[in-house]
Amino acid sequence: MGPQNDPGASVDSRLSKLLGEERASFTEVSPDRIAAITTPPVKGYETALQAIQYSDAWLGELPQASGGKQWTCLAKAIYFEARGESVKGEFAVAEVIANRVDSSYFPDNFCAVVHQGDERRDACQFSYACDGRPDTIHEQAAFEKAGKIAKLIMEGAPRTLTDGATYFHTVWVHPPWSHQFQETAEIGAHVFYRNPVEPVQVAAN
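Numbering (the numbering used here), first residue to last: 1 to 205.
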């Protein structure tokens, strides 16, 4: 039987033609378009804000966060004040800082809030800011986690964990000021309080 009567040769010929046409079609598609088609979608912060989950796995799906001076101040505060806490515990500390920014009783930006009083040792609002030690990031993964939480809070994540708290302390101490305010929550190693005369803020503006 000659090649012209070989069914296998006929199939091979048609398959080669189809593959050639497909290859030619791909050469007309831009590399960016091919990448968009073949790359799984990355969950962004805008989408994440619609359904916050307090878990390491959920945070791990978010792209690495970055930002300017205010973001850095908030991320460092979360890192130094709540590193080692659960995700919920870190969010809770971030809520306090954001609530202070919105309060008329405190400065109106993140850097000013976290560094309030740090010009004098042991007179600051957040202990890491005036403990005399350099603010060096030793655990990069923990800082990246704090940075994601900072970005979510700054972009408007709901603040529902601490019921408007603007103060907190660890469970191992009992500062005199704690008796002046209303306790709102205990999360991990921290107890949270708010001034009863202040309105409750549930989201960043």
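We put the beta carbon where it would ideally sit given N, CA and C, even for glycine.
- Could you check the C-alpha separation between Ser55 and Asn99 for me, to the nearest Å? Mapped onto the sequence shown, residue 55 falls at position 55. Mapped onto the sequence shown, residue 99 falls at position 99. Distance from the CA of Ser55 to the CA of Asn99, rounded to the nearest whole angstrom, comes to 22 Å.
- Message: So for Tyr45, helix, strand or coil by DSSP?
- Response: Looking up residue 45 in the sequence shown gives position 45. Helix, per DSSP.
- Minimum C-alpha distance to Arg293 - residue among Gly147, Lys145 and Gly89: Lying before the first or after the last residue shown, residue 293 is absent from the chain, which here runs from 1 to 205.
- Within its chain, find whatever has a CB closer than 8 Å to the CB of Val96; leave out the 5 residues flanking it on each side and keep chain order. Counting from one through the sequence shown, the residue named residue 96 turns up at place 96. Thr162, Ala165, Thr166, Tyr167, Phe168 and Phe192.
- Query: In whole angstroms, what is the alpha-carbon distance linking Thr47 and Trp71?
  - Reply: Taking the sequence shown and counting its residues from 1, the one referred to as residue 47 is at position 47. Taking the sequence shown and counting its residues from 1, the one referred to as residue 71 is at position 71. Taking the Cα positions, Thr47 is about 19 Å away from Trp71.
- Give a yes or no on whether 8 Å exceeds the smallest Cβ distance from Asn109 to chain B. In the structure shown, chain B cannot be found, because there is only a single protein chain.
- Is it true that the stretch 76 to 85 meets the stretch 140 to 159, where meeting means three or more beta-carbon pairs spaced less than 8 Å apart? Yes: at least three Cβ pairs fall under 8 Å.
- Message: Among the candidates Gln182, Asp118, Ala150 and Asn195, whose CA atom is the shortest distance from the CA of Ala92?
- Response: Numbered from its first residue, the sequence shown carries residue 92 at position 92. Ranking Gln182, Asp118, Ala150 and Asn195 by Cα distance to Ala92 puts Ala150 first.
- Query: So, are the CB atoms of Ile52 and Ala94 less than 8 Å apart?
  - Reply: One-based indexing of the sequence shown puts residue 52 at position 52. One-based indexing of the sequence shown puts residue 94 at position 94. No, they are not a contact pair.
- From Asp135 to Val114, what distance separates their C-alpha atoms? The count along the sequence shown starts at 1 and reaches residue 135 at position 135. The count along the sequence shown starts at 1 and reaches residue 114 at position 114. For the pair Asp135 and Val114, the Cα-to-Cα distance works out to about 13 Å.
- Out of Gln140, Ala129, Leu59 and Glu139, which has the shortest C-alpha to C-alpha gap to Cys73? Start at 1 with the first residue of the sequence shown, and residue 73 comes out as number 73. Taking each of Gln140, Ala129, Leu59 and Glu139 in turn and checking the Cα distance to Cys73, the smallest one comes out for Ala129.
- CA-CA distance, Ala65 and Cys111? In the sequence shown, the residue the question calls residue 65 occupies position 65. In the sequence shown, the residue the question calls residue 111 occupies position 111. The straight-line gap from Cα to Cα measures roughly 18 Å.
- Query: According to DSSP, is Val173 helix, strand or coil?
  - Reply: By 1-based counting over the sequence shown, the position of residue 173 is 173. Coil at Val173, not helix or strand.
- Query: Is it right to say Val87 is buried, meaning 16 or more other beta carbons lie within 10 angstroms of its own, or is it exposed?
  - Reply: Within the sequence shown, the letter at position 87 stands for residue 87. Note on Val87: 16 or more other CB atoms within 10 angstroms of its CB, so buried under the neighbour-count rule.
- For Glu61, name the three-state secondary structure that DSSP assigns. Within the sequence shown, the letter at position 61 stands for residue 61. Residue state, collapsed to three classes: coil.
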